[in-house]
Structures are given as C-alpha cells and as structure tokens.
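Visitor: Going by the numbering used here, the sequence shown opens with residue 3, and the numbers climb by one from there.
First, the structure itself, so that you have it in front of you.
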Amino acid sequence: MLSARALKDRRSFLRFLAASPIMAAAGFTSNWADDLMAAPFAPQDAAALGAQNEVVIRSVKEALNVFDFDAVARTKLSTAHYTFITDGSFNNETMRANREGFSKYQVRLRRLTGITKVDQSIRLFGVTWESPIFLSPIGRMNAYYPNGAVVVSRAAKATNSLHVLSGSSAIRENPKVIEDVNEARGMPVWFAGLGDTLNEPMIKHLESLGCPVLVWTVDDGGANTIGAKSIQRAGVKDLDREADARCAGCHNNLPKISRTTVTTPMDVMGSVGSLMGENSVKLSWEDVKRVRGLTRMKLVLKGIVTREDAALAVQHGVDGIIVSNHGGHEDASARGTIECLPEVVAGAAGKIPVLIDSGFRGGADIYKALALGATAVGIGRPHIWGLSAFGQEGVETVIGLLRRELQVMMAQAGAASIAKIRRDSLVTRG
Ligand SMILES: Cc1cc2nc3c(=O)[nH]c(=O)nc-3n(C[C@H](O)[C@H](O)[C@H](O)COP(=O)(O)O)c2cc1C
Numbered sequence: 003m004l005s006a007r008a009l010k011d012r013r014s015f016l017r018f019l020a021a022s023p024i025m026a027a028a029g030f031t032s033n034w035a036d037d038l039m040a041a042p043f044a045p046q047d048a049a050a051l052g053a054q055n056e057v058v059i060r061s062v063k064e065a066l067n068v069f070d071f072d073a074v075a076r077t078k079l080s081t082a083h084y085t086f087i088t089d090g091s092f093n094n095e096t097m098r099a100n101r102e103g104f105s106k107y108q109v110r111l112r113r114l115t116g117i118t119k120v121d122q123s124i125r126l127f128g129v130t131w132e133s134p135i136f137l138s139p140i141g142r143m144n145a146y147y148p149n150g151a152v153v154v155s156r157a158a159k160a161t162n163s164l165h166v167l168s169g170s171s172a173i174r175e176n177p178k179v180i181e182d183v184n185e186a187r188g189m190p191v192w193f194a195g196l197g198d199t200l201n202e203p204m205i206k207h208l209e210s211l212g213c214p215v216l217v218w219t220v221d222d223g224g225a226n227t228i229g230a231k232s233i234q235r236a237g238v239k240d241l242d243r244e245a246d247a248r249c250a251g252c253h254n255n256l257p258k259i260s261r262t263t264v265t266t267p268m269d270v271m272g273s274v275g276s277l278m279g280e281n282s283v284k285l286s287w288e289d290v291k292r293v294r295g296l297t298r299m300k301l302v303l304k305g306i307v308t309r310e311d312a313a314l315a316v317q318h319g320v321d322g323i324i325v326s327n328h329g330g331h332e333d334a335s336a337r338g339t340i341e342c343l344p345e346v347v348a349g350a351a352g353k354i355p356v357l358i359d360s361g362f363r364g365g366a367d368i369y370k371a372l373a374l375g376a377t378a379v380g381i382g383r384p385h386i387w388g389l390s391a392f393g394q395e396g397v398e399t400v401i402g403l404l405r406r407e408l409q410v411m412m413a414q415a416g417a418a419s420i421a422k423i424r425r426d427s428l429v430t431r432g
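This is the structure in structure tokens:
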C-alpha cells in the first residue's frame with residue numbers, strides 16, 4: 003500500500019515526465035499522467051484507502067483498531083472484491099462525508115468520575131443486547147469468506163451481538179442461508195430485504211422461520227457504480243465479468259439481475275445508477291403500506307436520512323428506523339449519516355427507536371451517535387474486514403475492540419450506562 007506521501011511523490015514524478023518533450027515526441031498527450039493517476043490509484047481512492055494502517059498484522063492478537071483488519075483484508079481478497087467492499091459509489095463523496103461528519107461533534111470529557119465499570123447493554127424490541135454495536139447486513143458474503151454469513155452469525159452468538167442478515171445473500175447465493183444462520187446464531191436473526199424483493203411469499207417464509215424483525219432497505223440503487231468500478235479496477239475487459247475466466251466460475255451461477263445490454267459505457271451494469279432492476283429508487287410509501295399490511299413482524303426501514311421521512315415512517319406504522327446511506331455505497335448526496343441523525347431523531351419524535359450506521363470506525367464515533375439519540379450503531383465494512391482477514395475470530399475481535407473503545411469513551415464522558423449518555427456531552431465545532 004502506498005502512503006499518502008508516496009502517492010504524492012508518484013504524482014509529481016508522473017507530472018514531471020508528462021511535461022517532458024521526450025514524451026510528446028513519443029506520441030503521449032499532455033493528459034496521460036492524469037489519465038494514469040485516475041486509473042488504479044485515483045486520488046479520491048487514495049484518501050479512502052489511506053485510512054488503512056501500513057502494518058499488516060498476522061494475528062488478531064496484534065490488532066490495535068479496525069483499520070488493521072482492512073489492511074489484512076486487502077491482502078486476502080481479489081482486487082474486485084476488495085474494491086467492492088471498501089470503496090464507495092460515484093466519487094466517494096458520501097463515504098468521505100460519513101467520516102468527516104464525526105469531526106463536527108466533539109465530546110466534553112469529565113474528569114475524576116470514579117467510574118470503574120461501564121454497562122453498555124441496550125434493550126430493543128424487548129430483547130437485551132450486550133452492547134449497542136450491531137452487525138449491519140452485507141450482501142454476497144461468500145465473496146469475502148467461505149460460508150461468510152454463517153461464520154458472522156457464529157461471531158454474533160459468541161459476543162451476544164445483534165446480527166442483521168442481508169437478504170441479498172439469501173436470495174443470490176443460497177436460499178437455505180436463513181435457516182443455516184438462525185441455527186448458527188441459536189435464534190432467528192433480523193432479516194434485511196432489499197428494494198422490491200419483499201413480496202408476500204418471501205414475507206410468509208420469513209415468518210415461518212420465526213424472523214422477529216424485517217428490515218427493509220430502501221436506499222439502494224447506486225451500487226452498480228461501485229460494481230462497475232470494482233471490475234474495471236481488476237482489469238476485466240469491457241466490464242464483462244461473466245466473460246472473464248477469473249469471475250465466471252462464480253458469477254455465471256448468479257442471477258443476472260444487475261446487467262443491462264451493453265451498448266454504451268454507461269449501460270454497463272447500470273454503472274451510473276439505475277431505475278431498472280431490483281432496487282428501491284422506484285418504491286413509494288404505498289409500498290410501505292402494502293408490506294406493513296402483510297406482516298406482524300416488526301418493520302424497520304433502513305436508509306432514512308431526513309426528518310420528513312422519519313415522520314412518514316411513524317405515520318405508516320413502521321416500528322424502527324436505521325439512519326443509513328449504505329456506507330456511501332449507493333448515493334452521491336455528500337451527507338454523512340451522523341449529520342442526518344439529529345433531524346431523523348426529531349422526526350421520529352421518540353415514538354420509535356432510531357438506529358444508525360455508515361462510517362463508524364471507533365468508540366468515539368459510536369459515542370457521538372448515542373449522545374445524539376441513536377439506540378444502536380451498526381458496523382458494515384469493519385466486520386467484513388475482520389471476516390476476510392481472520393474469519394470468526396476476526397469478527398469477534400473487531401466487535402471486542404469497538405466495545406473496549408466505547409467503554410473508555412463512556413467512562414471518560416462520565417456515563418456508566420447508555421442511559422447516562424447525555425446530549426449535552428457533545429458540542430458542535432463552531
Ligand atoms: C459491500 C457492501 C454490501 C452491502 N450489502 C448490503 C445489503 O445486502 N443489504 C443492506 O441492507 N445493506 C447492505 N450494505 C450496507 C450496510 O448494511 C451498511 O449500511 C454499511 O456497510 C454501513 O457502513 P460502513 O460499511 O461504513 O460501516 C452493504 C454495504 C457494503 C459496503
């Protein structure tokens with residue numbers, strides 16, 4: 003991995019070469035250095051990937067923070083899969099905003115609080131969880147680790163964590179995955195359906211398996227950009243992964259829902275985002291009414307980012323909200339979820355719980371969301387980095403590290419329990 007400084011030096015060197023008359027004589031245009039830099043090590047990606055640690059740890063015992071697992075995942079996954087999980091859609095604006103948003107809030111620490119023990123437990127829909135940190139749903143889990151969803155569920159059981167299973171794993175890879183995951187977890191897990199996949203047979207199937215909470219992800223529709231970018235970076239010709247020997251073995255067995263007929267570059271996999279196929283862009287509140295009427299499972303909308311939509315969710319009988327932008331995987335709003343949280347909490351008006359994810363990488367981030375009124379905080383990439391790096395042990399260690407960081411933050415802020423975390427322990431950067 004190149005450090006930010008090495009990247010800068012590389013850029014300067016390439017620009018120096020680009021200006022050289024020798025290169026012009028050889029037929030290179032004056033833009034070639036920029037073109038080259040825009041390819042595998044594009045500057046916007048350098049900022050995102052630059053968050054990684056340079057040390058590649060060899061065991062979970064060496065881990066100091068979640069970025070250690072990112073660095074290992076990079077060495078274990080194919081370029082395409084690593085890019086798909088780690089990078090963001092469009093130009094990474096939203097992914098960057100997720101991280102930058104945290105710096106707008108600062109924590110007012112108290113001293114001499116005498117706290118020797120911190121209780122992180124929360125209650126959600128009548129169930130007690132050991133900590134507010136939950137595992138966000140991630141699709142296509144077998145791309146990161148064999149039987150990935152089941153392995154994550156084992157880690158969730160070992161740490162008594164809330165695990166939300168992605169419907170995309172269930173539908174695309176193994177229709178039996180819900181049963182397998184429930185068995186590994188020792189209890190039925192929350193299930194996250196995407197877009198318009200939540201039809202009556204699916205809902206009845208989930209009910210028959212005892213699913214307590216149906217999460218409906220309503221923010222997808224832009225991930226095709228990152229899909230196209232991932233395979234472009236892996237050098238897949240014409241972005242046609244089914245024709246590429248490295249990808250075909252697995253991808254040819256999957257339903258071809260994300261491909262459109264290729265006539266222009268923008269058609270490739272709907273690479274500018276798409277109103278076609280199974281995604282949420284075309285859904286409406288009428289659909290929420292329909293799904294609400296189909297089930298008595300708790301219904302949670304994932305992807306709500308405004309006050310108005312939070313209020314509409316309450317009006318439509320929704321039981322909970324997850325403030326999320328898919329970790330910057332789906333939109334170019336350039337709004338971090340931590341910045342959206344206060345207005346969503348206001349819109350929900352204390353009537354339903356508000357959870358959040360996207361960009362959470364440390365205990366201080368999690369603390370800030372709890373202080374702003376979130377009930378629980380999800381992690382997406384960090385637990386997949388852990389999984390890709392070291393399997394179940396990796397996921398457990400990621401959860402353990404974040405819990406420790408949150409514990410310290412709570413003690414330093416004078417909160418011995420989640421209920422004691424106060425809104426006025428945060429100040430906003432002026
Ligand atoms: C590679 C990838 C796949 C994802 N798949 C799903 C999915 O199938 N269903 C879903 O609701 N959210 C999905 N998400 C979004 C996550 O649930 C979560 O919102 C996001 O990862 C949180 O941001 P973070 O990765 O910065 O922690 C996915 C995110 C990533 C990065």
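For every residue, glycine included, the Cβ atom is placed at its ideal position computed from N, Cα and C.
Please read these numbers as outputs of a predicted model, since none were measured by experiment.
Helix, strand or coil: how does DSSP classify ALA413 here?
Guide: helix
Visitor: Which class does GLY432 belong to by DSSP, given the choice of helix, strand or coil?
Guide: Of the three classes helix, strand and coil, the one that applies to GLY432 here is coil, per DSSP.
Visitor: Please list the terminal residues of the continuous beta strand (DSSP E) segment that includes PHE193.
Guide: 192–196
Visitor: Find out if the Cβ-Cβ distance for the pair ILE323, VAL346 is shorter than 8 Å.
Guide: yes
Visitor: Considering only heavy atoms of ligand 1, does any lie closer than 7 Å to the CB of PRO139?
Guide: True, at least one ligand heavy atom lies under 7 Å from that Cβ.
Visitor: Could you pull the start and end residues of the beta strand (DSSP E) that SER168 belongs to?
Guide: 166–168
Visitor: By how many angstroms is the C-alpha of ASN254 removed from the C-alpha of ARG424?
Guide: 52 Å
Visitor: Using CA atoms only, rank isn't needed, just tell me which of ILE340, LEU301 and GLY319 is closest to HIS328.
Guide: ILE340
Visitor: Would a C-beta distance cut-off of 8 Å place GLY195 and GLY169 closer than the cut-off?
Guide: Contact: yes.
Visitor: Less than 8 Å between the beta carbons of VAL217 and VAL302, yes or no?
Guide: Judged by their CB atoms, VAL217 and VAL302 are nearer to each other than the 8 Å cut-off.
Visitor: Thinking just about the alpha-carbon of each residue, which of VAL325, GLU181 and ASN67 is nearest to the one in ASN438?
Guide: Given a span of 3 to 432 for the chain in the structure shown, any question on residue 438 remains unanswerable.
Visitor: Apart from the five residues on each side of it in sequence, which residues of its chain come closer than 8 Å, Cβ to Cβ, to ALA313?
Guide: GLY349, ALA350 and ALA351
Visitor: Rounding to the nearest angstrom, what Cα-Cα distance links THR430 and GLY251 in this structure?
Guide: 51 Å
Visitor: Over the uninterrupted beta strand (DSSP E) stretch that includes GLY380, give me the two end residues.
Guide: Run containing GLY380: 378–381, per the beta strand (DSSP E) assignment.
Visitor: LEU126: buried (16+ other C-beta within 10 angstroms of its C-beta) or exposed?
Guide: buried
Visitor: Contact check, LEU428 vs LEU374 under 8 Å by CB: the rounded distance?
Guide: 7 Å
Visitor: Report yes if the CB atom of SER390 is closer than 8 Å to the CB atom of TYR107, and no otherwise.
Guide: Using a Cβ distance threshold of 8 Å, SER390 and TYR107 do not count as a contacting pair.
Visitor: Could you work out which residue in SER163, GLU185 and LYS239 is closest to VAL129 when comparing CA atoms only?
Guide: SER163
Visitor: Less than 7 Å between the CB of LEU196 and some heavy atom of ligand 1, yes or no?
Guide: yes
Visitor: Starting from ARG235, follow the alpha helix (DSSP H) in both directions and report where the run begins and ends.
Guide: 225–235
Visitor: In chain order, what residues of the same chain have a beta carbon less than 8 Å from the beta carbon of LYS300, not counting five sequence neighbours either side?
Guide: PHE127, PRO214, VAL215, LEU216, ASP321 and GLY322
Visitor: Does the region 139–158 come close enough to the region 392–405 that 3 or more CB-CB pairs lie under 8 Å?
Guide: yes
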